[in-house]
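J.:
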């Protein structure tokens, strides 16, 4: 193995670039952190380090639009280092960091802080969001223009949607002036207050406070109408219901600049998985019934949903019954179930996980192209394994998938040409 | 020269010919105002009342001077001091003043349309000195006069109006006037400070100074009121100045001979940097104030001409 040439050749790869619809066997060359060439006829140059990926898929590193970092304020639960390790293990090379930390990211200094911490995090590229309103209170808007210049990729109040419509309208209008992205969670804060799980017969049977089924579509409907009125770029999500997917599908057909996302649990699990009060299934939005689950899978397949992501509102395992689950490491294998079930083709799924979210965030990421940063994931689509909570890298072990069998495993993750994760099983074999 | 109107309520009701008539007459008064002996007698014996329901320094002083220089008797009635504080309705005030046989009533009111309402109830001429967020016709006329004197004609000029268009009657009157005289109008502001469908009034909409000021001949900055700065319409004065405040750097996007206007009073360091506001090569701000008196003299003069004839006819009956 030659060293220090700064050149690496990944040979025998199934190269998939969703943006250019490339899906071909071949070689990809990396030099000084950039992709210099790729294709079926590319030969490794003299002195390059050669990595034989043995027929595995080589795709752009995944882009996860919404993660909670825990930093600043809750470093003991999750920080940029543990986040970076979890992301690397999941093949995620770019993440958007939600601003609902402690303190909230609502001023230029704190965006700069996140930027600086993110640069020190070598295993994943972190891009900060900033809050829409000062202190998260529904009063004053943040300095969105200056925050965007400081590096904020989008604006959101995190898990709590802005529900004061006069304020929301102004926030969206102001954001539109600078062509900024606004994120709203698909959940009406008044209607979701106190809810424990999906409202319905099961919640009644279990004696848990059920979430009114209209809490999600009411918010989605409102946000769509506000996006239409203001002309702003709006991203909604995560969504979990068929009704929400339909509303967004129709809005997009009308030409609205709106995008949305979901999380793997909404197309892999249902409320029945709440079973015997399993607190790991407590999340917002809650797990729904099977008809909704199938509709969300369908919406990912037909492109209504642009980006599955790990978000949950809260990665932090707050005492027992906090909302939220971890997801960075399980994002790819869980999403691959859509491919294994024949609902969509692999390049289309990868588009939702790479170029799709990168385009929404206007990041130079999610592409295999000459000159692009060598942010790569090498993975096996079919390798079967079981998700084990205590093997997860994230400091937070909150997952409803403990013992869940999946197919598809990340073998290696590369950021700017540097290998940031290598699957141990593979390393031993090699 | 005569105007077809008894009142001057807004630019919207004037045509290009009438606007030019006012501007031409105002040119004469500019000269007169620069003479040591500035007192004329065209309005000798006439009574002008300044009725201001909203505080104003320069507009009221400008009207007062204009009327005095034409030889009229002037009284000022301020909202603070008069009986509308005691609950008198606008109509009752109008009827009261009407009974005193005044000739011209100059009115400023915080509600859009209030001046029109008043004008329907009185026999004298009414000049709108600013009604709510509707019109401020004499400001647009003086702005036009300033532009015409410096740039020879308005036709084909690129005039950019920057700032709080949403709450600005000055912006509306200017957009109407500039369209009537063939200038190209642009507005630059964040969407929170732009009224809905403002483009339909006849202007191009921009949200960035870089594009909005390109090829500009005239840059008209609007005042941003304090209460709009605190998070509701814009996040902060700092952010506003960074993106929308006129400074040397942003001025460079405009034509090299672009001129700067401001209806006053200025917020230095919010919508305009002192350096450019005080640049005598580029700033027309003090010139605007000077021309304001001349324009208001022209308006008072023209409006009182038919009134005079009507008064004579009435007396003859």
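Protein chains in written order, with my numbering: chain Y, 1 to 430; chain V, 431 to 747.
Ideal Cβ positions, reconstructed from N, Cα and C, are used throughout, including at glycine.
Give me the Cβ distance between residue 378 of chain Y and residue 412 of chain Y, rounded to the nearest whole Å; I'm assuming they're in contact under 8 angstroms.
T.: Within the first chain, the letter at position 378 stands for residue 378 of chain Y. Within the first chain, the letter at position 412 stands for residue 412 of chain Y. Indeed, because the Cβ distance is near 4 angstroms, the residues count as touching under 8 angstroms.
J.: Pull out every residue of the stretch 92–120 of chain Y whose Cβ sits closer than 9 angstroms to any Cβ of chain V, in chain order.
T.: Here the close residues number zero.
J.: Is it the case that the Cβ atoms of residue 431 of chain Y and residue 90 of chain Y are separated by a distance below 8 angstroms?
T.: Missing from the structure shown is residue 431 of chain Y; chain Y here goes from 1 to 430 and no further.
J.: Would you tell me roughly how many angstroms separate the C-alpha atoms of residue 7 of chain Y and residue 371 of chain Y, rounded to the nearest one?
T.: Indexing the first chain from 1 puts residue 7 of chain Y at position 7. Indexing the first chain from 1 puts residue 371 of chain Y at position 371. Those two C-alpha atoms are separated by around 14 angstroms.
J.: So is residue 637 of chain V in contact with chain Y if we call contact Cβ pairs under 8 angstroms?
T.: Residue numbering aside, residue 637 of chain V sits at position 207 when the second chain is read from its first letter. Residue 637 of chain V counts as touching chain Y.
J.: Can you check whether the C-beta of residue 163 of chain Y is within less than 8 angstroms of a C-beta belonging to chain V?
T.: Within the first chain, numbered from 1, the residue matching residue 163 of chain Y stands at position 163. Not an interface residue.
J.: Taking 8 angstroms as the CB-CB limit, is residue 156 of chain Y close to chain V?
T.: Taking the first chain and counting its residues from 1, one reaches residue 156 of chain Y at position 156. Output row for residue 156 of chain Y: interface = no.
J.: Would you say residue 493 of chain V faces chain Y, with C-beta separation under 8 angstroms as the test?
T.: As a first step, residue 493 of chain V is located in the second chain; it is residue number 63 there, counting from the start. No - not a single Cβ of chain Y is within 8 angstroms of the one on residue 493 of chain V.
J.: For residue 200 of chain Y, go through chain C and note every residue whose CB falls closer than 9 angstroms to its CB, in chain order.
T.: Looking for chain C here will not work: the only protein chains present are Y and V.
J.: Under a Cβ-count criterion, where at least 16 other Cβ atoms within 10 Å of its own Cβ denotes burial, should residue 330 of chain Y be classed as buried or exposed?
T.: Within the first chain, the letter at position 330 stands for residue 330 of chain Y. So residue 330 of chain Y counts as buried.
J.: Can you check which of these residues, Y/135, Y/308 and Y/355, is closest to residue 267 of chain Y by C-alpha distance?
T.: Locating residue 267 of chain Y in the first chain gives position 267, counting from the first residue. Taking only the C-alpha atoms, the option nearest residue 267 of chain Y is Y/308.
J.: Determine the DSSP secondary structure at residue 521 of chain V, reduced to helix, strand or coil.
T.: Mapped onto the second chain, residue 521 of chain V falls at position 91. Three-state result, residue 521 of chain V: helix.
J.: What three-state label does DSSP hand residue 362 of chain Y in the structure shown?
T.: Here residue 362 of chain Y refers to the residue found at position 362 when the first chain is read from its first residue. Three-state DSSP puts residue 362 of chain Y in coil, outside helix and strand.
J.: How is residue 208 of chain Y classed by DSSP in three states: helix, strand or coil?
T.: As a working note, residue 208 of chain Y is residue 208 in the first chain. DSSP places residue 208 of chain Y in coil when its eight states are reduced to three.
J.: Could you check what DSSP says for residue 557 of chain V in three-state terms: helix, strand or coil?
T.: Position 127 of the second chain, counted from the start, is the residue given in the question as residue 557 of chain V. Three-state result, residue 557 of chain V: strand.
J.: For a contact defined as C-beta to C-beta under 8 angstroms, what are the partners of residue 625 of chain V on chain Y?
T.: For this step, residue 625 of chain V is matched to residue 195 along the second chain. The contacting residues do not exist; residue 625 of chain V stays about 11 angstroms from chain Y at best.
J.: Mind checking who residue 493 of chain V pairs with in its DSSP beta bridge?
T.: As a working note, residue 493 of chain V is residue 63 in the second chain. Answer is none; residue 493 of chain V lacks a bridge partner.
J.: Between residue 145 of chain Y and chain V, is the shortest Cβ-Cβ distance under 8 angstroms, so that the two count as touching?
T.: Taking the first chain and counting its residues from 1, the one referred to as residue 145 of chain Y is at position 145. By this cut-off, residue 145 of chain Y is an interface position.
J.: Is the distance from the Cβ of residue 700 of chain V to the Cβ of residue 663 of chain V below 8 angstroms?
T.: Position 270 of the second chain, counting from 1, holds the residue named residue 700 of chain V. Position 233 of the second chain, counting from 1, holds the residue named residue 663 of chain V. Cβ atoms of residue 700 of chain V and residue 663 of chain V: not closer than 8 angstroms.
J.: Considering residue 14 of chain Y, what are the terminal residues of the beta strand (DSSP E) in which it resides?
T.: Reading the first chain from its first residue, position 14 is the one you call residue 14 of chain Y. 7–17 is the extent of the beta strand (DSSP E) around residue 14 of chain Y.
J.: Got a sec: is the Cβ-Cβ distance from residue 672 of chain V to anything in chain Y below 8 angstroms?
T.: Position 242 of the second chain, counted from the first residue, corresponds to residue 672 of chain V. Yes, because at least one Cβ of chain Y sits closer than 8 angstroms to the Cβ of residue 672 of chain V.
J.: Going by DSSP, name the residue or residues bridged to residue 126 of chain Y.
T.: For the purposes of this step, residue 126 of chain Y is identified with residue 126 of the first chain, where counting begins at 1. According to DSSP, which records beta bridges pairwise, residue 126 of chain Y is partnered with Y/95.
J.: Would residue 258 of chain Y be called buried (16 or more neighbouring beta carbons within 10 Å of its own) or exposed?
T.: In the first chain, residue 258 of chain Y corresponds to position 258, counting from 1. Flag for residue 258 of chain Y reads buried.
J.: Ordered along the chain, which non-local residues of its own chain (more than five positions away) have a Cβ less than 6 angstroms from that of residue 404 of chain Y?
T.: Here the question's residue 404 of chain Y lines up with position 404 in the first chain. Closer than 6 angstroms at the Cβ level, and outside the excluded window around residue 404 of chain Y, lie 387.
J.: DSSP state of residue 317 of chain Y, grouped into three classes?
T.: Position 317 of the first chain, counted from the first residue, corresponds to residue 317 of chain Y. Low per-residue confidence applies at residue 317 of chain Y: pLDDT is 33, beneath 50, and the placement is therefore not dependable enough to give any value.
J.: What is the C-beta distance between residue 182 of chain Y and residue 234 of chain Y, in whole angstroms, given that I count them as a contact (C-beta under 8 angstroms)?
T.: Position 182 of the first chain, counted from the start, is the residue given in the question as residue 182 of chain Y. Position 234 of the first chain, counted from the start, is the residue given in the question as residue 234 of chain Y. Residue 182 of chain Y to residue 234 of chain Y, Cβ: 5 angstroms. Contact.
J.: Whose CA, out of Y/354, Y/107 and Y/301, lies closest to the CA of residue 433 of chain Y?
T.: Here chain Y has residues from 1 to 430 only, and residue 433 of chain Y is not among them.
J.: How far does the alpha helix (DSSP H) with residue 118 of chain Y in it extend, from its first residue to its last?
T.: In the first chain, counting from the first residue as 1, residue 118 of chain Y sits at position 118. From DSSP, the alpha helix (DSSP H) with residue 118 of chain Y extends over 108–120.
J.: Taking C-beta to C-beta, are residue 477 of chain V and residue 502 of chain V nearer than 8 angstroms?
T.: Position 47 of the second chain holds residue 477 of chain V. Position 72 of the second chain holds residue 502 of chain V. Yes, they are a contact pair.
J.: Measure the C-alpha to C-alpha separation of residue 168 of chain Y and residue 548 of chain V and round it to an integer number of angstroms.
T.: Working through the first chain from its first residue, we reach residue 168 of chain Y at position 168. Working through the second chain from its first residue, we reach residue 548 of chain V at position 118. The alpha-carbon atoms of residue 168 of chain Y and residue 548 of chain V are separated by roughly 38 angstroms.
J.: Could you compute how far the alpha carbon of residue 103 of chain Y sits from the alpha carbon of residue 693 of chain V?
T.: Mapped onto the first chain, residue 103 of chain Y falls at position 103. Mapped onto the second chain, residue 693 of chain V falls at position 263. Each residue's Cα considered, the two are about 42 angstroms apart.
J.: Counting only Cβ pairs nearer than 8 angstroms, list the residues of chain V close to residue 170 of chain Y.
T.: Here residue 170 of chain Y refers to the residue found at position 170 of the first chain. By Cβ distance, chain V contributes 622, 662 and 663.
J.: Ignore the nearest five residues each way along the sequence and tell me which others in residue 611 of chain V's own chain have a CB closer than 7 angstroms to its CB.
T.: The residue labelled residue 611 of chain V in the question sits at position 181 within the second chain. The residues are 446, 449, 574, 584 and 585.
J.: Quick check: the Cα distance between residue 433 of chain Y and residue 97 of chain Y, rounded to an integer number of angstroms?
T.: Since the first residue of chain Y shown is 1 and the last is 430, residue 433 of chain Y is not available in this structure.
J.: Relative to the alpha-carbon of residue 682 of chain V, which residue among V/643, V/543, V/504 and V/577 has its alpha-carbon at the smallest distance?
T.: Walking along the second chain from the start, residue 682 of chain V turns up at place 252. Comparing Cα positions, the closest option is V/643.
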